[in-house]
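Here the structure comes first, spelled out in structure tokens, and everything after it is commentary.
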Amino acid sequence: MKEALQIPTPETLENLIGKDLYNIWSSLCQLIEQKYNMEQLWNHGGKAWKYEYKYRRGGKTLCALYAREQTFGFMVILGKDERAKFESQRALFSNETLKIYDEATTFHDGKWVMFELRDTSLFNDMERLLSIKRKPNR
1 MKEALQIPTP ETLENLIGKD LYNIWSSLCQ LIEQKYNMEQ LWNHGGKAWK YEYKYRRGGK
61 TLCALYAREQ TFGFMVILGK DERAKFESQR ALFSNETLKI YDEATTFHDG KWVMFELRDT
121 SLFNDMERLL SIKRKPNR
């Protein structure tokens, strides 16, 4: 049986991913929470990650943040219609985001686009991706 998830304290998370990345994680959460009223759920991060922090509403996930030693990821899953929207807006995204998008695996339920963030340089792209998924509700 799987052990119960111990929700990480801010200190635990900072110790896991490092102070600089924790500041970026916090800034990204702030950015999301300023624009979206969502429930936030902590989960086990599966095989590759220690924690998953998911933003969802009405049973639909907006995005998820993942944490492991000295690394954190931001994932958004784009369905068929959302991919078409992304394609129509390609010119608005950075080359780095386009590369990550183009290399992402497409599954039956959508294209799973994972970013391993090191700084805030892709935040504008993150915001644009989230608005493709769902219009801000704040």
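Under the UniProt record's numbering, the first residue of the sequence shown is numbered 1, with each subsequent residue one higher.
Even glycine gets a Cβ: it sits at the ideal position worked out from N, Cα and C.
If you're wondering where the values come from, they're calculated on a predicted model, not measured in any experiment.
query: How would you call Ile7, buried or exposed, if buried means at least 16 neighbouring beta carbons within 10 angstroms?
result: To locate residue 7, count along the sequence shown from 1; it is residue 7. In the assembly as shown, Ile7 is an exposed residue. Its beta-carbon has fewer than 16 other beta-carbons within 10 Å.
- request: Leaving aside the five residues before and after Leu13 along the sequence, list all residues of the same chain whose C-beta is less than 8 Å from its C-beta, in chain order.
  value: In the sequence shown, residue 13 corresponds to position 13, counting from 1. Hits under 8 Å: Tyr22, Trp25, Tyr51 and Ala67.
- prompt: Going straight from the alpha carbon of Gly79 to that of Gly110, what length do you get?
  reply: Along the sequence shown, one-based indexing puts residue 79 at 79. Along the sequence shown, one-based indexing puts residue 110 at 110. Distance between the alpha carbons of Gly79 and Gly110 is about 4 Å.
Test item: CB-CB of Phe93 and Asp119 under 7 Å: Position 93 of the sequence shown, counting from 1, holds the residue named residue 93. Position 119 of the sequence shown, counting from 1, holds the residue named residue 119. One thing to note: Phe93 has its Cβ no nearer than 7 Å to the Cβ of Asp119.
task: Name the two residues that bound the continuous beta strand (DSSP E) containing Phe93.
output: Sequence index remark: in the sequence shown, residue 93 carries index 93 (1-based). It is not in any beta strand (DSSP E) - Phe93 carries neither H nor E in the DSSP assignment.
query: Ends of the alpha helix (DSSP H) at Arg83?
result: Numbered from 1 along the sequence shown, position 83 holds the residue referred to as residue 83. Segment Lys80 to Ser88, the alpha helix (DSSP H) holding Arg83.
message: Can you give me the C-alpha to C-alpha distance between Phe72 and Glu11, rounded to a whole angstrom?
response: For the purposes of this step, residue 72 is identified with residue 72 of the sequence shown, where counting begins at 1. For the purposes of this step, residue 11 is identified with residue 11 of the sequence shown, where counting begins at 1. Roughly 15 Å between the two C-alpha positions.
query: Using the C-alpha atoms, what's the distance from Ala48 back to Gly59?
result: Counting from 1 along the sequence shown, the entry for residue 59 is found at position 59. Counting from 1 along the sequence shown, the entry for residue 48 is found at position 48. A direct Cα-to-Cα measurement between Gly59 and Ala48 gives close to 24 Å.
- request: Let me know the secondary structure DSSP gives Arg134 once reduced to three states.
  value: As a position in the sequence shown, residue 134 is number 134, starting the count at 1. Correct three-state label for Arg134: coil.
task: Please determine, among Asn15, Trp112, Arg83 and Arg57, the residue with the shortest C-alpha to C-alpha distance to Asn137.
output: Counting from 1 along the sequence shown, the entry for residue 137 is found at position 137. Ranking Asn15, Trp112, Arg83 and Arg57 by Cα distance to Asn137 puts Arg57 first.
query: If you run the structure through DSSP and keep just helix, strand and coil, what is Arg128?
result: On the sequence shown, residue 128 is found 128 positions in, with the first residue counted as 1. If DSSP states are grouped into helix, strand and coil, Arg128 belongs with the helices.
query: Which whole runs of the beta strand (DSSP E) in the stretch 3-70 are 3 residues long or more, in chain order?
result: Complete beta strand (DSSP E) runs here, min 3: 39-44, 51-57 and 60-68.
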